[in-house]
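Peer 1:
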Amino acid sequence: MMPEFRATNQFINENIKSIEIYGTGNINDTYLVESETKKLILQKLNTSIFTNPKYVSNNIKAYSEHLKTKLNGEYKKEWLVPEPILTNTGQEYFVDGDNYWRAFEFIDNARTYEDIQSLKHASEVGAALGKFHNYLSDLPIENLYDSLPIFHIAPKYLAAYDRALADYKGDKAEIAEYIKIIEDHRELFSILEDAKHLGKLKIRVIHGDPKPSNVMISDDNFKAIAFVDLDTLKPGLIHYDIGDCMRSNCNPVGENGKPEEVVFDLELMRGVLGGYLPQVKSFLSDIDYDYIYDSICLITLEMAVRFFEDYLNGNSYFKVKHPRHNLDRAIVQFELLKSIEAQEKEIKEIISSLR
Ligand code: GN1
Ligand code: MG
Numbered sequence: 118m119m120p121e122f123r124a125t126n127q128f129i130n131e132n133i134k135s136i137e138i139y140g141t142g143n144i145n146d147t148y149l150v151e152s153e154t155k156k157l158i159l160q161k162l163n164t165s166i167f168t169n170p171k172y173v174s175n176n177i178k179a180y181s182e183h184l185k186t187k188l189n190g191e192y193k194k195e196w197l198v199p200e201p202i203l204t205n206t207g208q209e210y211f212v213d214g215d216n217y218w219r220a221f222e223f224i225d226n227a228r229t230y231e232d233i234q235s236l237k238h239a240s241e242v243g244a245a246l247g248k249f250h251n252y253l254s255d256l257p258i259e260n261l262y263d264s265l266p267i268f269h270i271a272p273k274y275l276a277a278y279d280r281a282l283a284d285y286k287g288d289k290a291e292i293a294e295y296i297k298i299i300e301d302h303r304e305l306f307s308i309l310e311d312a313k314h315l316g317k318l319k320i321r322v323i324h325g326d327p328k329p330s331n332v333m334i335s336d337d338n339f340k341a342i343a344f345v346d347l348d349t350l351k352p353g354l355i356h357y358d359i360g361d362c363m364r365s366n367c368n369p370v371g372e373n374g375k376p377e378e379v380v381f382d383l384e385l386m387r388g389v390l391g392g393y394l395p396q397v398k399s400f401l402s403d404i405d406y407d408y409i410y411d412s413i414c415l416i417t418l419e420m421a422v423r424f425f426e427d428y429l430n431g432n433s434y435f436k437v438k439h440p441r442h443n444l445d446r447a448i449v450q451f452e453l454l455k456s457i458e459a460q461e462k463e464i465k466e467i468i469s470s471l472r
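Using this note's numbering, the letters of the sequence shown correspond one by one to residues 118 to 472.
1. Figure out for me which residue from 237, 431, 345 and 440 has the closest Cα to the Cα of residue 391.
2. Could you give the distance in angstroms between the alpha-carbon of residue 277 and the alpha-carbon of residue 283?
3. Applying the 10 Å Cβ sphere with the 16-neighbour rule, what's the burial state of residue 385?
4. Could you check where the alpha helix (DSSP H) with residue 466 kicks off and where it finishes?
5. Going by Cα to Cα distance, which pick from 342, 263, 257 and 322 is closest to residue 194?
6. Mind the definition here: the stretch 121-139 touches the stretch 205-214 only if three or more C-beta pairs lie below 8 angstroms; say whether that holds.
7. Nearest to residue 426 by alpha carbon, out of 273, 381 and 186?
8. So which of 424, 429 and 457 has the shortest CA-CA distance to residue 409?
9. How is residue 221 classed by DSSP in three states: helix, strand or coil?
10. Is DSSP giving residue 456 helix, strand or coil here?
11. Smallest Cα separation from residue 362: which of 154, 469 and 417?
12. Mind checking if residue 346 is an interface residue toward chain B, Cβ cutoff 7 angstroms exclusive?
13. What I want to know is whether the C-beta of residue 144 ends up closer than 6 angstroms to one or more non-hydrogen atoms of ligand 1.
14. Taking residue 118 as the reference, which of 213, 374 and 154 has the closest Cα?
15. For residue 295, I'd like the list of residues in its chain whose CB is within less than 7 angstroms of its CB, leaving aside the five on either flank, ordered along the chain.
16. Please determine, among 340, 414, 336 and 358, the residue with the shortest C-alpha to C-alpha distance to residue 303.
17. Only counting runs of 4 or more residues, tell me where the alpha helix (DSSP H) segments fall wholly within the stretch 305-354, in order along the chain.
18. If you follow the alpha helix (DSSP H) that residue 147 is part of, which residue opens it and which one closes it?
19. Looking at the structure shown, is residue 201 part of a helix, part of a strand, or coil, going by DSSP?
20. For the 8 angstroms Cβ check, are there 3 or more pairs between the stretch 342-357 and the stretch 173-193?
21. When burial is assigned at 16 or more other CB atoms within 10 Å of the CB, is residue 250 buried or exposed?
22. To the nearest angstrom, report how far apart residue 90 and residue 150 are at their CA atoms.
23. Opposite residue 216 in the DSSP bridges: which residues?
24. Between residue 326 and residue 333, what straight-line distance do the alpha-carbon atoms span, to the nearest angstrom?
25. Are three or more beta carbon pairs between the stretch 310-324 and the stretch 397-408 nearer than 8 angstroms?
26. Is the separation between the beta-carbon of residue 467 and that of residue 329 shorter than 7 angstroms?
27. Give me the Cβ distance between residue 144 and residue 166, rounded to the nearest whole Å; I'm assuming they're in contact under 8 angstroms.
28. Taking the Cβ atom as the reference point for each residue, do residue 412 and residue 353 lie within a distance shorter than 7 angstroms?
29. Pick from 182, 252 and 371: whose alpha carbon is nearest that of residue 322?
30. Based on Cα-Cα distance, which residue from 245, 336 and 221 lies nearest to residue 196?
31. My understanding is that residue 487 touches residue 379, with C-beta atoms under 8 angstroms, so please give their C-beta distance in whole angstroms.
32. What's the C-alpha gap between residue 291 and residue 269?
33. Residue 472: buried (16+ other C-beta within 10 angstroms of its C-beta) or exposed?
34. Pull the bridge partners of residue 179 from the DSSP assignment, please.
35. Which value, in whole angstroms, describes the spacing of the CA atoms of residue 146 and residue 215?
36. Could you check whether residue 184 and residue 198 sit closer than 7 angstroms to each other, using their CB atoms as the reference points?
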């Protein structure tokens, strides 16, 4: 029996109509399962990246329990959490050899979009991140595990890149221009971590991946109603989320677009930040605002370096469609960084105007 069928049988006791590959995630394997009466999301967790599956499920559970208590009657009306489904024997995962399988309820009448659709969409994605940070602002971080220790500690990604470049056997002249961009930005990598160590920025709860394809938008009224992909929900600096939300939502051609078409769109940025800030006003400090611009640059550079490092390393982290895919993705992010830096003044003006 195919592994995904074997796994499905652990979560559902009905005839299965179909199991199809679902979504565009770069890490886990995701399927949409349909039976006579239900739909669910089945996922094989990538355990070479998430080496501690229990930490991941603990954090997701902490999130859903916190929200149920906090939102009370409003839970499910204004905000949804994809509910984990337990196996027939009450376990969070079906462990099949080395593979960890889990399932979630399918959220109906809503969808995610691969790329940003409109100004309204940008503002909904921003509002979703703001709600998420706000809802979780009083969840004690002690209740959460660090489910992916390297994740969004930018200097660690720089160190991984340095190692990969040192070991790289290919032609370095071909990639010299990207090596130079990274060299020119070496100091930027530690900007948020330094601020954290100096006590200027606080550890809070982060989503870790606020890209458009992780925000569910209601079919009824086009409002954001849920974040999916909660694997990187963990303690961290929300600036990585703020920066990442703008990196991934303000480039209309997306992560797989043509490099010459990449642009950091200021109107979309106004939409994202304008949606985000009203939700977090009560707890964002002046220093938090001061770091917004740098976090947009940093996370874009970090993403470029993560794709580039994976290319140098033989594509072992992100799923790829062809051998140069990670290089192409890195180039898109380098272009985006260029566009952000060229508009520094305008971006800073938007941040101050919304403050
Ligand atoms: C990965 O698996 P997916 O597509 O949700 C990555 C994110 C990146 C994203 C870029 C655990 O997310 O950090 O922002 O690709 N997730 C992990 O598309 O590394
Ligand atoms: Mg993700």
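Glycine included, C-beta positions come from ideal geometry on N, C-alpha and C.
Peer 2: In brief:
1. 237
2. 10 angstroms
3. buried
4. 461-471
5. 342
6. yes
7. 273
8. 457
9. strand
10. helix
11. 417
12. Within the model displayed, chain B is absent; a lone protein chain is all it includes.
13. yes
14. 213
15. 425, 447 and 451
16. 414
17. 308-314
18. Not the alpha helix (DSSP H): residue 147 falls in the beta strand (DSSP E), residues 146-152.
19. strand
20. yes
21. buried
22. Residue 90 falls outside the range modelled here, since the chain spans only 118 to 472, and no answer is possible.
23. 213
24. 13 angstroms
25. yes
26. The criterion of a C-beta distance shorter than 7 angstroms is not satisfied by residue 467 and residue 329.
27. 6 angstroms
28. no
29. 252
30. Selection 245, 336 and 221 evaluated against residue 196 yields 245 as nearest (Cα-Cα).
31. Residue 487 cannot be examined here, being either before or after the span of the chain that is shown, 118 to 472.
32. 28 angstroms
33. exposed
34. Partner(s): none; residue 179 has no beta bridge.
35. 14 angstroms
36. For residue 198 and residue 184, yes; Cβs fall inside 7 angstroms.
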